[in-house]
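Here's the structure, in structure tokens; my notes come after.
There are 2 protein chains.
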Amino acid sequence: MAISENTPDIVTAAILVIGDEILSGRTKDKNIGHIAEYLTALGIDLKEVRVVPDEEDEIIEALNALRARYTYVFTTGGIGPTHDDITADSVAKAFGVPIDVDPRVVEIMQRRFQGMELNEARLRMARIPQGAELVTNTVSGAPGFWIGNVIVMAGVPSIMQAMLDTVTPKLATGVRMQSETVVAHAREGDIGTELGAVAKANPEVMIGSYPFFDGTGPNTNLVLRARDPSKLSAAKAAVEAMLADVKAKLGR
Amino acid sequence: MAISENTPDIVTAAILVIGDEILSGRTKDKNIGHIAEYLTALGIDLKEVRVVPDEEDEIIEALNALRARYTYVFTTGGIGPTHDDITADSVAKAFGVPIDVDPRVVEIMQRRFQGMELNEARLRMARIPQGAELVTNTVSGAPGFWIGNVIVMAGVPSIMQAMLDTVTPKLATGVRMQSETVVAHAREGDIGTELGAVAKANPEVMIGSYPFFDGTGPNTNLVLRARDPSKLSAAKAAVEAMLADVKAKLGR
Numbered sequence: 006m007a008i009s010e011n012t013p014d015i016v017t018a019a020i021l022v023i024g025d026e027i028l029s030g031r032t033k034d035k036n037i038g039h040i041a042e043y044l045t046a047l048g049i050d051l052k053e054v055r056v057v058p059d060e061e062d063e064i065i066e067a068l069n070a071l072r073a074r075y076t077y078v079f080t081t082g083g084i085g086p087t088h089d090d091i092t093a094d095s096v097a098k099a100f101g102v103p104i105d106v107d108p109r110v111v112e113i114m115q116r117r118f119q120g121m122e123l124n125e126a127r128l129r130m131a132r133i134p135q136g137a138e139l140v141t142n143t144v145s146g147a148p149g150f151w152i153g154n155v156i157v158m159a160g161v162p163s164i165m166q167a168m169l170d171t172v173t174p175k176l177a178t179g180v181r182m183q184s185e186t187v188v189a190h191a192r193e194g195d196i197g198t199e200l201g202a203v204a205k206a207n208p209e210v211m212i213g214s215y216p217f218f219d220g221t222g223p224n225t226n227l228v229l230r231a232r233d234p235s236k237l238s239a240a241k242a243a244v245e246a247m248l249a250d251v252k253a254k255l256g257r
Numbered sequence: 006m007a008i009s010e011n012t013p014d015i016v017t018a019a020i021l022v023i024g025d026e027i028l029s030g031r032t033k034d035k036n037i038g039h040i041a042e043y044l045t046a047l048g049i050d051l052k053e054v055r056v057v058p059d060e061e062d063e064i065i066e067a068l069n070a071l072r073a074r075y076t077y078v079f080t081t082g083g084i085g086p087t088h089d090d091i092t093a094d095s096v097a098k099a100f101g102v103p104i105d106v107d108p109r110v111v112e113i114m115q116r117r118f119q120g121m122e123l124n125e126a127r128l129r130m131a132r133i134p135q136g137a138e139l140v141t142n143t144v145s146g147a148p149g150f151w152i153g154n155v156i157v158m159a160g161v162p163s164i165m166q167a168m169l170d171t172v173t174p175k176l177a178t179g180v181r182m183q184s185e186t187v188v189a190h191a192r193e194g195d196i197g198t199e200l201g202a203v204a205k206a207n208p209e210v211m212i213g214s215y216p217f218f219d220g221t222g223p224n225t226n227l228v229l230r231a232r233d234p235s236k237l238s239a240a241k242a243a244v245e246a247m248l249a250d251v252k253a254k255l256g257r
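For the protein sequence lines, the chains are Y and S, in the order given. The opening position of the first sequence corresponds to residue 6 in the working numbering, with each subsequent residue numbered one higher. The opening position of the second sequence corresponds to residue 6 in the working numbering, with each subsequent residue numbered one higher.
Written out as structure tokens, the structure reads:
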């Protein structure tokens, strides 16, 4: 698997969510958050997410943009048995490869769907682009697939999560990002300037500032992230010293 | 406001979510689903969503791609007082306009933040691209803004929702999409082929098929959407007739 960044420590990913039901608001996506947290834990940096409708041109354009830029692209949705499930055919077109009913999938479905007719609709779920590896579906049988750097998964969260577990051992992973959270016990606006100076002095540590309301009023979570634990500790110490300084200045 | 589609009935939109915390999985996005449902109710078609990190180049590239394609682009996140809040400056660069502390915002903040220092960090929230209209923030004071066809909102859901309510009266809206849901009481795989035929015969009605598990086993929601109520009714009748046929054939 080619890694698309200069530093070999970095493995990147994008998510492509495919589905009119997410864009209409009828279904609330639960996959983005799960995949994001999962990839972060693995040491893969999620860099972009796109949601597109069930339209071939839109799927192909987004997929080609994302697969050129990131180590992996994870897609969710559009691999069921109905006319609006066009992900497999769109992926085949994006890769310029043929697609047909895959005998490996027919065998899985024959074993799994005993007593159910393997009709035209169900055989639609057996359409796999040429050259793709199957991604086992332990929940409901019909598999996802993996072609090039694109991993095609179901949209139903329980099935998607099982598929993600299946592919995990085969994923290249980078050095895991370490993270520390410091609760500022201060308003974001009171510490923003000083925090900016700490961020500038610690360029290899990403420092995010997230305001929230605690029981008594505005408060701020400061989240520090870095791959190098010693740089992370140094930045954390600098943040804590900064917070003490600001509070002394404000007389708190 | 120019409408970017040929049919004047259609108003489109995209969402651009800006924030490392969504991509790391630390924060689970709650804005996409809210905005999606909200726009659908207004008669605006949400066509695409992107999530990008707090990086200027990424924000500018995504914003320029989206604002050229859709009637409106709604952004969330990155308008607070800290160094990682770079949305306003990135939007100004994308539009090629200057940005500076806006006296209208300073006035709002002076009124609102009595007893708090209007320091450098807080003044960062007053940076508004030249030519932008302000979007009132009834929750916490510091406003969003509207420039060209781009509406820049906060990332905190309660503030974002209030800002969306504020801009609603000024949005062009299309003919509202009508929707009907038919519960199939059938497995998706048993009706997929016949449903495809109904979809093909009713090209102006979007028909989505969404499997779910009810108390007893697999079931399917069929969601029909159209702007023309008579076409929607005709397609619904065709779906119901198809379901009766399939069940008769399967002996249920």
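Cβ atoms here follow ideal geometry from the backbone N, Cα and C, with glycine treated the same way.
Could you name the residues of the same chain whose beta carbon sits closer than 8 Å to that of residue i, not counting the 5 residues immediately before and after it, in chain order?
i	result
S/L123	V111, M114, Q115
S/K236	N207, E209, V210
S/E61	I91, D94, S95, K98
Y/T186	N226, L227, V228, L229
S/M182	T45, G48, D50, R230, A231, R232
Between residue i and residue j, what straight-line distance do the alpha-carbon atoms span, to the nearest angstrom?
i	j	result
Y/Q166	Y/A41	12 Å
Y/A7	Y/K175	Caution is warranted here: a pLDDT of 42 is assigned to Y/A7, below 50, making its placement in the model unreliable, and the coordinate value is therefore given only provisionally. One C-alpha to the other measures close to 14 Å.
Y/T221	Y/A73	48 Å
S/A239	S/E209	11 Å
Y/I133	Y/T87	15 Å
Y/E138	Y/V155	11 Å
Y/E245	Y/V56	39 Å
Y/L68	Y/L21	7 Å
S/L200	S/M168	41 Å
Y/Y215	S/A202	50 Å
Y/R109	S/G24	41 Å
S/G30	S/V251	43 Å
S/A242	Y/D89	19 Å
Y/V78	Y/L71	7 Å
Y/G160	S/R232	27 Å
Note down, in chain order, every chain Y residue with its Cβ under 7 Å from the Cβ of residue i.
i	result
S/V56	E53, V54
S/G261	Absent from the structure is residue 261 of chain S, since the part of chain S shown begins at 6 and ends at 257.
Which same chain residues, not among the five before or five after residue i, have their C-beta less than 6 Å away from its C-beta?
i	result
S/D14	G179, V180
Y/F150	I133, A137, L139, V140, V157
Which of the three DSSP states is assigned to residue i in this structure?
i	result
Y/M247	helix
S/I133	strand
S/I49	coil
S/N36	helix
S/M182	coil
S/M121	coil
Y/T80	strand
S/G197	helix
S/V187	strand
S/D89	coil
S/R127	helix
Y/N69	helix
S/L237	helix
Y/P208	coil
Y/R116	helix
Should residue i be labelled buried (16 or more other beta-carbon atoms within 10 Å of its own) or exposed?
i	result
S/M121	exposed
Y/K254	exposed
Y/T12	Residue confidence is low: Y/T12 scores 44 on pLDDT, short of 50, so the model does not pin down where it sits. Its coordinate-derived value is still stated next. Exposed, by the Cβ-count rule.
Y/T143	exposed
Y/P58	buried
Y/R117	exposed
Y/F100	buried
Y/P103	exposed
Y/A189	buried
S/S163	exposed
Y/F217	exposed
S/P148	buried
Y/R257	exposed
Taking C-beta pairs closer than 8 Å, name the residues in chain S that residue i reaches, listed in chain order.
i	result
Y/A41	I27, L28, S29, G30
Y/P216	G85, V161
Short of 7 Å in beta carbon distance, which residues of its chain neighbour residue i, apart from the five on each side in sequence? Order them along the chain.
i	result
S/G44	It should be noted that the sequence gives Leu, not Gly, for residue 44 of chain S. So the qualifying residues of the chain are A18, L51.
S/L28	V56, P58
So which residues on chain S does residue i lean against when the C-beta distance must stay under 9 Å?
i	result
Y/F228	A quick correction: the sequence has Val, not Phe, at residue 228 of chain Y. Result: D25, E26, S29, R31.
Y/A137	Those do not exist, as Y/A137 stays about 21 Å from chain S at its closest Cβ, beyond 9 Å.
Starting from the beta carbon of residue i, find every residue of chain S whose beta carbon is closer than 7 Å, and list them in chain order.
i	result
Y/G201	T87, H88
Y/R129	G197
Y/A204	H88
Residues of chain Y with CB under 9 Å from residue i, in chain order?
i	result
S/M168	Under the 9 Å cutoff, chain Y gives no residues; its nearest Cβ is about 16 Å from S/M168.
S/G38	I27, G30, T32, K33, D34
S/T45	L28, S29, G30, R31
S/M121	R192, G194, D195
Name, please, each residue of chain A whose Cβ falls closer than 9 Å to the Cβ of residue i.
i	result
Y/A126	Structure shown: chain A not included; protein chains present are Y and S.
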